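> Okay, here's the structure, questions in a sec.
Residue numbers (this note's numbering), protein chains in the order written: chain F, 296 to 527; chain Y, 9 to 347; chain W, 66 to 358.
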């Protein structure tokens, strides 16, 4: 079982009540996209699930309550996280960045290097000197090394050149087959390609939960997300 | 109302009683020894308050506050001894000099913040200590200390029999500093200081320059420290390099934490208590009070720093608001009883 | 020329001692954000342990007994550091100012404890005879002890860098200094890293304490204070969280201090303060600093 259930999640940061009672369900083995305008609380939600932001309410991962658990214990339950802005360790090499992320007895380097062959040639390079796209590869790889029940991915294509967006999209699609994924993404084309479920947030609450076919509807997209339906 | 309505009249009454006691009948405060101890304690209470303004109120963790205290002491002494200034003018001169010194050092230090700021202030404080104890330029007489010329001070401050006037002087300075601190913190500038402690961004968003206010807080507390230093010179008779040591600033930090930051009276109480405790513990240890204990226990207990340090650790871990914090918490509970 | 060489090597020797104090401080602040005022106490505890070994346990000092003294001093200080971390620092998780304050309290208590037990007068630490000899390099006559400090510090530097580079806990520490929350987000419990860093820091300070006793001709409960201040200065100049930075800064400051003391008569401490101010006002994160606390 690897579903995620969030009930009445409240998060206050520095006096701002950012999440005001968030409710949603992430079905297992499906890709769920978390959408919404900038600043509605999407990243905050992911961080709250991770235990990086303190929240009240209920978060159940595979049936277990994790809302008050320390981050490292939550992750050890089988959670892979790709943060917004990647947050790889600049002073460590690529190899060290990946080694740090190992949890399983046999981490899946085959998968990582087959998706991102470029990393194989740069194992000794200091991660801080990698390009944005390469850093993103490292960030995603970290989440793929272990057998995870669920992947939390925060804006993986942000700031990437279009060609890289396609590469990342392909790798995510590849993994999407075998994982439960909750992905925050502004790129609607990518979302349309891989999501089987969408959740829309506005002002710290969930305002829509349903199927991705809704994204084909221009008026839906405009009213929910304030953008016109994505391009490649 | 969190403040007990009789607290202010009570404080005034206590102050008046303390002022009168040395002059009436046969009570502990008629003895010159205790008068001297209390005079020093009052001055440290005032000094702790100036540190509270900086650290508790404005949130600036400075490790070099002793520098301005020592500057007050030494500049006053030098102006009186070497330049023959009238003692009142000398005090004024010391305050002005120290304010300028604080503007310079504070201006430099405030280009950093947080831990780095603490380190810069520590460095400046250390530089001052080195300057004084190594006697550069022959101003300070180094480790031997710098006695002030008693001929240049009013007669009623000289001599053991006149200790009660030194006591009054110290109490007077404490009251003055208390009012000054009260006025500053309740003023609009004071509100900005408090805002700086909590959220600097909000201050700049309001169009106010945070650094100007930080510098103001820094210079004001330094100037007050200088005044206290000048009076300490008169009360103790001489300056000494140890007044510039980091130990003094650390002691101030302890005093503020002990009494509780931000409440004003907390810092004063903490200062007085700490000063009295450490003098008393010192006296005890020189005497025989701890001789009956096995030296394993008696040894450390006779060191004031041991007990004070232990109390300090316990307060930081379990009662972070210090004495005044505990008081207000208890009062809050009492007020909300049965609601 | 001979004086130049003597001052230079003394400066490097002094720098070696500063490094022993500063390296642990740097890692502790870098990884945990704790400004450890009790580090001087680690130094002193190490010195007293070394004293005990060199006087009560082995009354006749030889090279081997001295090595044992250093190791014992390091271990004693390391264990004390670990104890402090478990009992006190741990409970104040993320309350950085309170953690710093508590270390001030521990420092007071430890100093008073040692002073109460042993008195505050300096006691002499016996060393093997050859420590007091001097060797001749060209024209210069250089006391041997300088080289001992440099040697020990180099060994410790290499050991620390090896631990950081080649072990998993070292990897965790290096990553944690850069971004602690991301390390937890990878499922790693940083508590072990905290304890490790405190033990290593304590150990280095303890070894430093024994050597400083030789350099300063005495062990006293008050010895920690001024060395701690210099330790902080080295950490700030070298960059928080960087062992290599501490090494470089320690050399810089040790050498400058000695040269300034000699050629500018006694202004060594002053010059160091100026270096500190200069670094802080131009590159506040220090020479090799990587921390963003």
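We put the CB at the ideal spot given by N, CA and C, even for glycine.
In this text the structure is predicted, and so the values were computed from the model without any measurement.
Whole angstroms are fine: how far does the CA of residue 74 of chain Y sit from the CA of residue 204 of chain Y?
23 Å
> Going by DSSP, what residue range makes up the beta strand (DSSP E) through residue 302 of chain F?
Residue 302 of chain F -> beta strand (DSSP E) spans 299-308.
> Output the boundary residues of the alpha helix (DSSP H) element that contains residue 104 of chain Y.
95-117
> Locate the beta strand (DSSP E) running through residue 14 of chain Y, then write down its first and last residues.
Here residue 14 of chain Y belongs to no beta strand (DSSP E), and DSSP marks it neither H nor E.
> For chain W, check one thing: does any of its Cβ atoms lie closer than 8 Å to the Cβ of residue 391 of chain F?
yes
> Excluding sequence positions up to five away, which residues of its chain have a Cβ less than 8 Å from the Cβ of residue 246 of chain Y?
85, 153, 154, 155, 156
> Between the Cα of residue 241 of chain W and the Cα atoms of F:382, F:309, F:410, F:402, which residue gives the shortest distance?
F:382
> Should residue 94 of chain W be labelled buried (16 or more other beta-carbon atoms within 10 Å of its own) or exposed?
Burial call: buried.
> In this structure, does DSSP put residue 348 of chain W in helix, strand or coil?
Residue 348 of chain W falls in the coil class under three-state DSSP.
> Secondary structure at residue 330 of chain F, three-state DSSP: helix, strand or coil?
In the three-state scheme derived from DSSP, where H, G and I count as helix and E and B as strand, residue 330 of chain F is classed as strand.
> CA-CA distance, residue 336 of chain F and residue 497 of chain F?
8 Å
> Quick one: give me the first and last residue of the beta strand (DSSP E) that residue 217 of chain W is part of.
Taken as a continuous stretch (DSSP letters only), residue 217 of chain W belongs to no beta strand (DSSP E), being part of the alpha helix (DSSP H) at 210-231.
> Would you please verify whether the beta carbon of residue 304 of chain W is less than 8 Å from any beta carbon of chain F?
no
> Note down, in chain order, each residue of its chain lying with its Cβ closer than 7 Å to the Cβ of residue 314 of chain W, except the 5 sequence neighbours on either side.
299, 302, 303, 352
> Tell me which residues share the same chain as residue 308 of chain Y and place their Cβ nearer than 6 Å to its Cβ, disregarding the 5 neighbours each side in the sequence.
314
> Looking at C-alpha atoms only, which residue of W:328, W:264, W:223 is the closest neighbour of residue 312 of chain W?
W:223
> In whole angstroms, what separates the C-alpha of residue 243 of chain Y from that of residue 278 of chain Y?
20 Å
> Let me confirm a value: residue 132 of chain W is counted as buried when at least 16 other C-beta atoms fall within 10 Å, else exposed. Which label applies?
Exposed, because fewer than 16 other Cβ atoms sit within 10 Å of the Cβ of residue 132 of chain W.
> Cα separation between residue 360 of chain F and residue 341 of chain F?
16 Å
> With a threshold of 8 Å between beta carbons, is residue 360 of chain W in contact with chain F?
The structure shown does not extend to residue 360 of chain W, since chain W is modelled only from 66 to 358, so the question has no answer here.
> Under a three-way DSSP split, which group does residue 272 of chain Y fall into?
Three-state result, residue 272 of chain Y: coil.
> Taking the DSSP output, what are the residues bridged to residue 494 of chain F?
F:329, F:504
> Counting contacts by CB-CB distance shorter than 8 Å, is residue 182 of chain W in contact with chain Y?
yes
> Below 8 Å on C-beta distance, what does residue 342 of chain W contact in chain Y?
116, 128, 131, 132
> Can you name, in chain order, every residue of its own chain whose Cβ lies under 8 Å from the Cβ of residue 19 of chain Y, other than the five neighbours on each side?
273
> Does the structure place the segment 75-91 of chain W close enough to the segment 313-331 of chain W that three or more beta carbon pairs sit under 8 Å?
Pairwise C-beta distances place the segment 313-331 of chain W in contact with the segment 75-91 of chain W, as three or more of them are shorter than 8 Å.
> Against chain W, which members of the segment 471-497 of chain F pass a CB distance test of less than 9 Å?
none
> For residue 341 of chain W, which of helix, strand or coil comes out of DSSP?
helix
> What is the residue span of the beta strand (DSSP E) that residue 449 of chain F lies within?
445-449
> Going by the DSSP bridge assignment, what does residue 312 of chain F pair with across the sheet?
F:307
> Would you kindly work out how many angstroms separate the C-alpha atoms of residue 284 of chain W and residue 444 of chain F, rounded to a whole number?
58 Å
> Within the same chain, show all residues whose beta-carbon is closer than 7 Å to that of residue 79 of chain W, passing over the 5 residues directly before and after it, in chain order.
319, 322, 323
> Please classify residue 470 of chain F: is it buried, with 16 or more other beta-carbons within 10 angstroms of its beta-carbon, or exposed?
buried
> Have a look at residue 526 of chain F and residue 508 of chain F and give me their C-alpha separation to the nearest angstrom.
Any answer about residue 526 of chain F is weak, because its pLDDT of 42 lies below 50 and its placement is not dependable; what the coordinates show is given next. Roughly 16 Å separates the two Cα atoms.
> Based on the DSSP secondary-structure assignment, which residues constitute the bridge partners of residue 376 of chain F?
F:447
> For residue 432 of chain F, is the classification buried or exposed, using 16 other Cβ atoms within 10 angstroms of its Cβ as the cut-off for buried?
The residue is buried, with at least 16 neighbouring Cβ atoms inside 10 Å.
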